[in-house]
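Trainee: Using numbering that gives the first Met the number 0, you'd call the opening residue of the sequence shown number 0 and step up by one each time. Glycine residues also receive a C-beta, built at the ideal position from the N, C-alpha and C atoms. The structure that follows is given in the form of C-alpha cells.
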Amino acid sequence: MRIHKKLMLLVWMGILTVSLSGCLAWLGELSPININPNTPGLTGSVVDIDTFIVYPHNPGFELPDLSGDRKAIVALSPIGNRENYKLSISLDKFSTANAAGQSQNSGQIGLDEAEDLSVKSSSNDYFAYTGDAGMIKSEEQAELMNLQGLQAGERLFWVCKKTYSGNVYSQVTAYEAKTGPRMQIYVDVNAVDVNSTQVDKILAEFEIRIYDLLKDYGFGVPYDKDGDGKVTLLITPLTYYGSPIDLIGYFDETNYKDLSYSNNQDMIYLNANVLAQNQMTKIYSNIAHEFQHLLFYSAKLQASSSRFAYDDLWINEGLSVLASTLTCYLQLNNDWRIYDQNRGYFANPARDGLRDWEYDREYSNYGSAGLFAYYLYDHYDNLDIISKIIHADRKIEDEISRVVGVSFDEIVQNWMTANMIDRFANIPDDDYRYLKLSLASAPVYKKLSLLDTLQIRGGGVQYYLIDEEDTDLWFNISSYDGSSIPSINVSVITFR
C-alpha cells in the first residue's frame, strides 16, 4: 500500500512520469525465460499439509493415505550449509519399515543446534573486504595522475576491478556532474558516452523514489562516512574478469575503512559501459540493489561487533533483490534467475543451498535468496521484518526467528512448500502461499515410484511427486555412499 501512495504522489506532482513505466514492465537484467515444461502443469486441490524434521537416527516417515485420487508431494531440505549429501530414497510398505524399528519423526530443531556459517565467496556485484590479500594497488598510476593536476570540480577516486589475479585498485579522475539533496554524481572523464539527460534521470530516481521508498520500507538511511549528507555515485568504466559489461555496478565496503585505497565516503559505483546502452530501468534497479548493500553495511557498523562474524551475504543479496522489487524496477514473477529452465533456481533447487553463495551458481542464488527475502516481506512486513533483519546485532537466522516467533527451520519449511503449491486450490494456511505475488511456475520435481538416488546441497530442496495408490507406504532415507545423514526439513503435501 505504501508504494502505491508514493507513486500516486509522484504522478500528481508530475515528476518522473517517464520513469514510472518501470513499474509496468521489467526491462533490466532479464534474459528470455524458458520455463521447464513439467512444472507449470502441477496443480491441484490441497487435502493436507504436514511439516516436520527427520533426524539421522530415524530417517523415515509414514506417508499419508494415497488411495483413490490422492497424490503427495514430498519436499526434502537438509539442515545445514555448504555440504553435499548423497542420499537413497525408497518407498516401502509401512509394516516392513515399522518392523525394522522405524517410527515417524516430528518436532522442530532448536536454535542452539543450528550450524555456524562462514563466507565462501562473494557475488559479482558486492565486493566483501577480506583483508589485504588479493588487493593490488596501482600506486604508480596514482602518482602520475597527481602530478598531472586536476581541473575545477574534478577529483580522484579509487576504483576496484576484479581480475583473475585479484582485486586491482587504481585511481580515475572524475568530474562532478550533478548534485541533489542526498546524492552527488561524479562521472569519469573517460566515460564520454554518458550524457547529462541520463545523469538527470538517475539523480531524480534516487532522490524521489529509491531513497524514500527504501527508507519507508525499513532499510534505513546511510551511515554518512564523510559527513557531507550525500551518497556519492561514481559512473566509470568497469571490467569484471576482463568483460566491460558483465558488471552493472557495485558497493565496496572498503570505502568505509581507513585504508590507502579507500575513498573514505559512502558511495556506490555504476558501470559507464552499461549506461552507454541506455537501458535506464536496468540502471535504476542496480542502483537500488547497490544502495541496499550500502544501507546493510551501514547498519552492521552500528550493530555489535559480533555481527561481522556471521555469514549474512545470502540475506544481504536477497534484500538487494527485494529492494529492486519494492522500488518497482523488478518483477519477481518474470525473473529468469528464478524461472529459467537451465540457470534459474527452480530448475534445480536441490543444488542451491538457501544460505550458500557460490560463484558458479550465483545467478540461481540470487533467485533463491531474493524469493526468500520477498517471502519474509510478504508475510511479516507488519512485524517490521526488513528493519529488524538489517539492524540485527545477532545471527540473522536467530533474529528472523525472534521476530516471527517460530524457528527458522519452520519458516524455511513454509517457504519451500509455498514455492511448490502457491497456485493450488484450498491451501489451508497463508503460510503456504505468497500473498502479494503470483509465481509463474513451480520448482522442478521428480516422480518417485520405488527408488531414487539423490545428490542435494545443505539448504537445497528436492521435490518428489508420489502417485501410488496405496494406504500403507513408508518413505525411507539413507546414504548411498556410507556418509552421514543430516537432519532434514520435510514437507508433505497431500492433494487431489
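Would you kindly report the start and end of the unbroken beta strand (DSSP E) that includes E409?
Mentor: No beta strand (DSSP E) holds E409; the alpha helix (DSSP H) holding it covers F407 to I420.
Trainee: Run the CB neighbour count on A24, radius 10 Å, all protein chains shown included, and call it buried at 16 or more, exposed below.
Mentor: Residue placement at A24 is poorly supported in this model, since its pLDDT is 26, which falls under 50; the coordinates still yield a value, given next. Counting Cβ neighbours within 10 Å, A24 comes out exposed, since fewer than 16 surround it.
Trainee: Could you tell me which of R350, D377, I465 and I389 sits nearest to K435, measuring between CA atoms?
Mentor: That would be D377, whose Cα lies nearest to the Cα of K435.
Trainee: Please state the DSSP three-state secondary structure of K160.
Mentor: Note: K160 maps to strand in three-state DSSP.
Trainee: Indicate whether V489 and F93 have their beta-carbon atoms separated by less than 8 angstroms.
Mentor: No; because the gap between Cβ atoms is not below 8 angstroms, this pair is not in contact.
Trainee: Can you find the residues in the same chain that come closer than 6 angstroms, C-beta to C-beta, to Y463, ignoring five residues on each side of it along the sequence?
Mentor: Cβ within range, chain order: V73, K445 and L447.
Trainee: Which residue from Q340, N381 and L375 puts its Cα closest to that of S363?
Mentor: When only C-alpha atoms are compared, the closest one is Q340.
Trainee: Could you give the distance in angstroms between the alpha-carbon of V273 and the alpha-carbon of V198?
Mentor: About 13 angstroms.
Trainee: Give a single yes or no on whether K200 has its beta carbon closer than 7 angstroms to a heavy atom of the ligand FMN.
Mentor: What this structure holds is no ligand at all, so the ligand FMN is not there to describe.
Trainee: CB-CB under 8 angstroms to Y479, same chain, minus the five flanking residues each way: which ones, in chain order?
Mentor: Cβ within range, chain order: K85, L86, S87 and T452.
Trainee: Which class does D223 belong to by DSSP, given the choice of helix, strand or coil?
Mentor: Residue state, collapsed to three classes: coil.
Trainee: If you follow the beta strand (DSSP E) that R456 is in, where does it begin and where does it stop?
Mentor: Counting along the chain, the beta strand (DSSP E) containing R456 begins and ends at L450 to R456.
Trainee: Would DSSP call F423 helix, strand or coil?
Mentor: Coil.
Trainee: Sorted by chain position, which residues of the same chain lie with C-beta nearer than 6 angstroms to Y268's C-beta, five sequence neighbours on each side aside?
Mentor: Here the set comprises L233, G248 and Y249.
Trainee: Classify G130: buried if its beta carbon has 16 or more other beta carbons within 10 angstroms, exposed otherwise.
Mentor: Any reading at G130 is ruled out, since the residue's pLDDT is 47, under 50, leaving its predicted position unreliable.
Trainee: Using CA atoms only, rank isn't needed, just tell me which of E316, A71, V220 and S284 is closest to L300.
Mentor: The shortest Cα separation from L300 among E316, A71, V220 and S284 belongs to V220.
Trainee: Determine the DSSP secondary structure at Y185, reduced to helix, strand or coil.
Mentor: Note: Y185 maps to strand in three-state DSSP.
Trainee: Where does the unbroken alpha helix (DSSP H) through I385 begin, and where does it stop?
Mentor: Run containing I385: I384 to I389, per the alpha helix (DSSP H) assignment.
Trainee: Counting only the same chain and skipping the five closest in sequence on each side, list residues whose C-beta sits under 8 angstroms from that of Q276.
Mentor: Cβ neighbours of Q276 beyond the five flanking positions: I244.
Trainee: Looking at the unbroken alpha helix (DSSP H) that takes in E396, where does it start and where does it end?
Mentor: From DSSP, the alpha helix (DSSP H) with E396 extends over I395 to V403.
Trainee: When you compare the CB positions of Y374 and W335, do they come within less than 8 angstroms of one another, or not?
Mentor: For Y374 and W335, no; Cβs fall outside 8 angstroms.
Trainee: Can you tell me whether DSSP reads A275 as helix, strand or coil?
Mentor: Coil.
Trainee: So what's F51 in DSSP terms, helix, strand or just coil?
Mentor: Strand at F51.
Trainee: Which partner residues does T506 have in the DSSP bridge list?
Mentor: Only positions 0 to 495 of the chain appear in the structure, and residue 506 is not among them; the question remains open.
Trainee: Near K214, which residues of its chain fall below 8 angstroms by C-beta distance, leaving aside the five closest residues on each side in sequence?
Mentor: These residues qualify, in order along the chain: V220.
Trainee: Less than 8 angstroms separating the beta-carbons of F205 and I389?
Mentor: Not a contact, by the Cβ cut-off of 8 angstroms.
Trainee: Use the C-beta contact count for H292: other C-beta atoms within 10 angstroms, 16 or more gives buried, fewer gives exposed.
Mentor: Buried, since its Cβ has 16 or more Cβ neighbours within 10 Å.
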